[in-house]
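So the structure is just underneath, and the comments pick up after that.
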Amino acid sequence: MKSFAVKSLQRSLRTSTPNPIPKSITRCSSTQASLYKKLTSRPPNRIFDDLSPMLSHRLNVTLADFLPPSCYPRGFDRNNPNPNVERRHARYRTLPPGHHLVYFPTQVPDSELLPDGTDSVQSPGEPFVRRMWAGGSLKFSYGDGVRFDYDSDSDGFWCEEQVTNVAMKGEGDNEKAFVTIERRISEDYSKRDEVPSHDAIIETRDLVFMKRKSVAAAKEAATRPDKVVKPAQEPDFSVSMTPTKSLLARFSGLSFNAHFIHLDPQYAREVEGHRNLLVHGPLSLILMLSVLNSQLKENEGIGSFDYRNLAPLYANEEMKICVRRDREKRSRFNVWIKKSGGGYAVKGSALV
403 MKSFAVKSLQ RSLRTSTPNP IPKSITRCSS TQASLYKKLT SRPPNRIFDD
453 LSPMLSHRLN VTLADFLPPS CYPRGFDRNN PNPNVERRHA RYRTLPPGHH
503 LVYFPTQVPD SELLPDGTDS VQSPGEPFVR RMWAGGSLKF SYGDGVRFDY
553 DSDSDGFWCE EQVTNVAMKG EGDNEKAFVT IERRISEDYS KRDEVPSHDA
603 IIETRDLVFM KRKSVAAAKE AATRPDKVVK PAQEPDFSVS MTPTKSLLAR
653 FSGLSFNAHF IHLDPQYARE VEGHRNLLVH GPLSLILMLS VLNSQLKENE
703 GIGSFDYRNL APLYANEEMK ICVRRDREKR SRFNVWIKKS GGGYAVKGSA
753 LV
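Counting along the sequence shown from 1, when you hit position 122 you're at 524 in this note's numbering, and nothing is skipped either side.
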């Protein structure tokens, strides 16, 4: 009996075949490997900017009607047209947290923009032609903002960006490519390889690229009710605001961003399947950092910030920016944005 059982088992092992790997998994793995090689092998994109304080000042003016004065950066006067007056005797000027997001845009001519108004520098290409900002992280080397020496002989500032990862999710028409981009900003690019800590900001951006929608799918998506996941905690401080079309247009201009989902409501609705213009991912990030910064003590500064965009924010719909200090780890803050229906739109955390 024992010999018979052993022989039967051996025969079973010889004739049995392993369960096949689902085609969706193999296809996803193949696409991911191909896109990873394609995007990460591209040379770094190096972007120059002189970091003129006027751009930061115009951003402050743009946000002045939407944030309370307590959330204005130190030294900002909405009635003063010259931002240098208050600090003309200071050796250093601090760029408010997040304001680097209107500097160092990808610099391509209009003829090189894609049909949706975006650039192709970090795009995976067909069939992933729709793009959104999924989240990211920030590390500030100097704590509260970035301190640049405006009295030095510096020739300007550099940002080096490169794709570091590609991940695939979903299948069929819902397949998505998540592209992670690392950006390093430094005052003296020539010294960066010698002194890595010289990077003033190290940022990661997670962009999601999706397949185009059919007309019917876009129409259905534009009228679909929001999924509501409500926060489980109450904020220590919050700011409510309603982003307008003009706010989005001005921010698009400041950030050199021609993406139609922020500018053309018909395109956003009929092509992308959104009910209205979308608030920019970097704009919501700047708003979160501005409100967070207003709640810090004099000796505190933002060291790092991680966030995820969970649901779109739309023009002409109220949003609430919320901040809560962790009750156990006092150096940690939870920061989130609630949509008009009360659910999460953005969720982040900061270390100070």
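Glycine residues also receive a C-beta, built at the ideal position from the N, C-alpha and C atoms.
Coil, strand or helix - Phe506 by DSSP: In the displayed model, Phe506 falls within coil according to three-state DSSP, outside both helix and strand.
Simplified DSSP state of Gly519, which is helix, strand or coil: It is coil, neither helix nor strand.
Through-space distance from Glu528 to Gly574, alpha-carbon basis: Gly574 and Glu528 have their C-alpha atoms roughly 14 Å apart.
Paired residues, beta bridge with Lys749 - DSSP: Lys749 pairs with Arg710 and Trp738.
Cα-Cα separation between Ser436 and Ile583, rounded to whole angstroms: So the two alpha carbons sit approximately 17 Å from each other.
Beta-carbon separation (whole angstroms), Leu694 vs Ala747, contact threshold 8 Å: In this structure Leu694 is not in contact with Ala747, their Cβ atoms being roughly 16 Å apart against a cut-off of 8 Å.
Pro457 versus Ala651: straight-line alpha-carbon distance, rounded: Checking the sequence shown, residue 457 turns out to be Leu, not Pro. If you take the alpha carbons of Leu457 and Ala651, they lie about 15 Å apart.
6 Å Cβ shell around Gly537 - same chain, five flanking residues per side excluded: Non-local beta-carbon contacts of Gly537 in its own chain, meaning distances under 6 Å to residues more than five positions away in sequence, involve Asp608, Tyr709, Arg710 and Asn711 in chain order.
Span of the beta strand (DSSP E) around Val568: Counting along the chain, the unbroken beta strand (DSSP E) around Val568 starts and ends at Phe559 to Lys571.
Segment limits, alpha helix (DSSP H) that includes Ala624: In the DSSP assignment, Ala624 falls within the alpha helix (DSSP H) that extends over Val617 to Ala624.
Close beta carbons around Gly558, own chain, < 8 Å, minus the five adjacent residues each side: Phe450, Asp451, Asp452 and Leu453.
Under the three-state DSSP convention, the category Ser436 falls into: In the structure shown, Ser436 sits in a helix (DSSP, three-state: H, G or I).
DSSP-derived helix/strand/coil call for Glu584: Strand.
Residues bridged to Ile604 [DSSP beta-bridge criterion]: In the DSSP output, where bridge partners are listed per residue, Ile604 has Lys541 and Arg586.
Assigned secondary structure, Leu395 (DSSP; H/G/I helix, E/B strand, else coil): Since the first residue shown for the chain is 403 and the last is 754, residue 395 is missing from the structure and cannot be characterised.
Inter-residue spacing [alpha-carbon to alpha-carbon] between Leu363 and Arg671: Summary: the structure shown does not reach residue 363, with the chain confined to residues 403 through 754, and so no result is reported for it.
Beta-ladder partner(s) of Tyr716, from DSSP: Tyr716 is bridged to Leu680.
Cα-Cα separation, Leu679 to Lys647: Looking at the two C-alpha atoms, the distance is approximately 7 Å.
Length of the line joining the Cα atoms of Phe735 and Leu687: Across the structure, Phe735 and Leu687 are spaced so that their CA atoms are roughly 15 Å apart.
Meets three-Cβ-pair contact criterion under 8 Å: the region 632-643 and the region 725-740: Result yes; three or more Cβ-Cβ pairs closer than 8 Å.
Sub-8 Å separation of Val565 and Ala579 beta-carbons: Contact flag unset, no.
Other residues of its chain near Phe506: CB distance less than 6 Å, five sequence neighbours each side excluded: Setting aside the 5 residues that flank it on each side, Phe506 is surrounded in the same chain by Ile449, Asp451 and Cys561, each with a C-beta closer than 6 Å to its C-beta; the list follows chain order.
Cβ neighbours of Ser706 in the same chain (closer than 8 Å, five flanking residues each side left out): The residues are Ser539, Leu540, Lys541, Phe542, Ala752 and Leu753.
Option in Glu730, Ser657 and Phe530 with minimal Cα separation from Thr433: For the residues Glu730, Ser657 and Phe530, the minimum Cα distance to Thr433 belongs to Phe530.
Nearest-angstrom Cβ-Cβ length linking Val504 and Leu656, presumed shorter than 8 Å: Confirmed, about 5 Å.
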